[in-house]
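K.L.:
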Amino acid sequence: MRHRHVRPQLRRPRRPYLGVDVHVAGGCREGRARLVTHPGDERDAFAATRRAVEAVWRIESANVIAHAARIAHDVGVAEEIAQDAFVAALESWPAGGIPENPGAWLMTAAKHRALDRLRRAASHARAHEAMGADLEALEAHFAPDFVEALDAAREDEIGDDLLRLVLVACHPVLPKEGRVALTLRLLGGLTT
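The sequence shown lines up with residues 21 to 212 when you count with the numbering used here.
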């Protein structure tokens, strides 16, 4: 006679004790527990939420940092992201209640912050590339004229070195502000 293997009923993992009493309060969204210590006393609710967040930090911080480090590829940035997620919990949980699975909430918050940071870095990189391309285009347009003019000025036979320096510093290829600054710096001895 064959014995049939009966799969055990899967149970939800038990929620860890967070160091505070959590009761379901009326008006909360499903899946959230709201801290109720003394109705109407917001300071107690905030203190209880703070204790809960501290307990969740001790339990989940390593997992949240590891998850953020996998996304951000930088442990220092991952620690900042995890701390930002826990600050968001401190801001959100007193009003909305502690989520049923605070670790998952923090993982999601950290993931969103890490992805936002990556998107922002990619956007900055694209902007820097565009500025670099614009700068190279400007240099390609103006630099050859300046280099040719500077070489021509060097080849001219001017008997006086000081006069040569004045003519180079006041060359019309340079912008007016540049000519003034260069003349004051080289000939007047003024520094910035």
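In this text, a Cβ means the ideal position worked out from N, Cα and C, and glycines have one as well.
Quick caveat, the model's predicted, so the values are computed rather than measured.
Could you say if the region 78-86 and the region 99-113 meet the contact criterion of at least three C-beta pairs nearer than 8 Å?
P.N.:
Yes, the region 78-86 touches the region 99-113.
K.L.:
Figure out for me which residue from ALA134, GLU197, VAL188 has the closest Cα to the Cα of ILE91.
P.N.:
Residue ALA134 is the option with its Cα nearest to ILE91.
K.L.:
Taking only the alpha-carbon atoms, compute the straight-line gap between GLY96 and ILE79 and give it to the nearest angstrom.
P.N.:
Using only the alpha carbons, I get a separation of about 20 Å.
K.L.:
If you draw a straight line from the C-alpha of LYS131 to the C-alpha of LEU158, how long is it?
P.N.:
Straight-line Cα distance between these residues: approximately 41 Å.
K.L.:
For a minimum of 4 consecutive residues, which ranges assigned as the alpha helix (DSSP H) are wholly contained in the region 119-155?
P.N.:
None, since the region 119-155 contains no complete alpha helix (DSSP H) of that length.
K.L.:
By DSSP, does VAL84 sit in helix, in strand, or in coil?
P.N.:
Helix.
K.L.:
Return helix, strand or coil for ASP215, following the three-state DSSP convention.
P.N.:
The shown model of the chain, from 21 to 212, leaves out residue 215, and the question about it has no answer.
K.L.:
Applying the criterion that 16 or more other CB atoms from any shown protein chain within 10 Å of the CB defines a buried residue, is PRO195 buried or exposed?
P.N.:
Per the 10 Å Cβ criterion, exposed.
K.L.:
At what residues does the alpha helix (DSSP H) containing VAL200 begin and finish?
P.N.:
From DSSP, the alpha helix (DSSP H) with VAL200 extends over 196-206.
K.L.:
I need the DSSP call for VAL220, collapsed to helix, strand or coil.
P.N.:
Here the chain covers residues 21 to 212 and nothing more, so residue 220 does not appear.
K.L.:
Per DSSP, what kind of secondary structure is VAL44 in: helix, strand or coil?
P.N.:
Residue placement at VAL44 is poorly supported in this model, since its pLDDT is 40, which falls under 50; the coordinates still yield a value, given next. Here VAL44 sits in coil by DSSP.
K.L.:
Which of the three DSSP states, helix, strand or coil, is assigned to THR69?
P.N.:
In this structure, THR69 counts as helix in the three-state DSSP scheme.
K.L.:
Taking the alpha carbon of ARG70 as the reference point, which residue from LEU110, GLY152, ALA98, LEU138 has its own alpha carbon closest?
P.N.:
Of the listed residues, the one whose Cα sits closest to ARG70 is LEU110.
K.L.:
Is it buried or exposed, ALA153, if we count other Cβ atoms within 10 angstroms and call 16 or more buried?
P.N.:
The residue is exposed, with fewer than 16 neighbouring Cβ atoms inside 10 Å.
K.L.:
Take ALA201 as the anchor and find which of TRP125, THR211, ARG137 has the nearest alpha-carbon.
P.N.:
Closest by alpha carbon: THR211.
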